[in-house]
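A.B. asks:
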Amino acid sequence: MEAKVKRIGIGQTLIAYLETLLLGLWLGSMIFFSFVVAPRAFAVLPSRHLAGQLVSSSLSALEIIGLVLGPILIVLRLINGVRGSSFAKILHLSLLALMTMCAGVSRMILAPKLESLRSAMGGVIDTVSANDPLRLQFDDLHKYSVAMMTIAMLAGLIALLLSVRSWLNR
Numbered sequence: 035m036e037a038k039v040k041r042i043g044i045g046q047t048l049i050a051y052l053e054t055l056l057l058g059l060w061l062g063s064m065i066f067f068s069f070v071v072a073p074r075a076f077a078v079l080p081s082r083h084l085a086g087q088l089v090s091s092s093l094s095a096l097e098i099i100g101l102v103l104g105p106i107l108i109v110l111r112l113i114n115g116v117r118g119s120s121f122a123k124i125l126h127l128s129l130l131a132l133m134t135m136c137a138g139v140s141r142m143i144l145a146p147k148l149e150s151l152r153s154a155m156g157g158v159i160d161t162v163s164a165n166d167p168l169r170l171q172f173d174d175l176h177k178y179s180v181a182m183m184t185i186a187m188l189a190g191l192i193a194l195l196l197s198v199r200s201w202l203n204r
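Each residue of the sequence shown is one higher than the last, beginning at 35 in our numbering.
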């Protein structure tokens, strides 16, 4: 009895590589930003104000990356007709949508509010009392921003694992 060997076409293989590359790039960028760029900026730059500007600018670029790659990854996942359970397919698409939503919320809601508060405090947050209502509002929004990035990274890690698993099961 001859074993059946599943073969996938070159198009599906290229999409699998592209999907893994793009998702890895996005996830890796978020991890690098969170664990290298942000902490190192505050550790080595001469002022927290400059570090905040660098981190804010870098985060802006990362949000754009997410808003570009998220929809591309969703489309790749939809057009490739990946085998597997419906639950796994829906979960994977939901994780990609969640990552994209986190980037969108950060970019369109949190970042403008944080910038507005930063400006209202005179641009240099460290000179404002920790009990100042604007500072408290800024700190709360910053926590939401960190939460958005954390959720996106966890969703990205799970999505990457699901991607690899689905391609290994072909």
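Where a beta carbon is used, it is the ideal one built from N, C-alpha and C, also for glycine.
1. CB-CB under 7 Å to serine 63, same chain, minus the five flanking residues each way: which ones, in chain order?
2. Taking the alpha carbon of lysine 177 as the reference point, which residue from Ser140, Arg111, Ser81, Leu52 has its own alpha carbon closest?
3. Flag this pair as touching only if the segment 182-196 and the segment 123-137 have three or more C-beta atom pairs under 8 Å; answer yes or no.
4. For leucine 148 and phenylalanine 67, I'd like the C-alpha separation in whole angstroms.
5. Hey, would you say leucine 144 sits closer than 8 Å to methionine 182, going by beta carbons?
6. Can you give the Cα-Cα distance for threonine 134 and leucine 107, rounded to whole angstroms?
7. To the nearest angstrom, how far is the alpha carbon of aspartate 166 from that of proline 73?
C.D. replies: So, from the data block:
1. Leu96, Ile99
2. Ser140
3. yes
4. 18 Å
5. Taking 8 Å as the Cβ cut-off, leucine 144 and methionine 182 qualify as a contacting pair.
6. 10 Å
7. 25 Å
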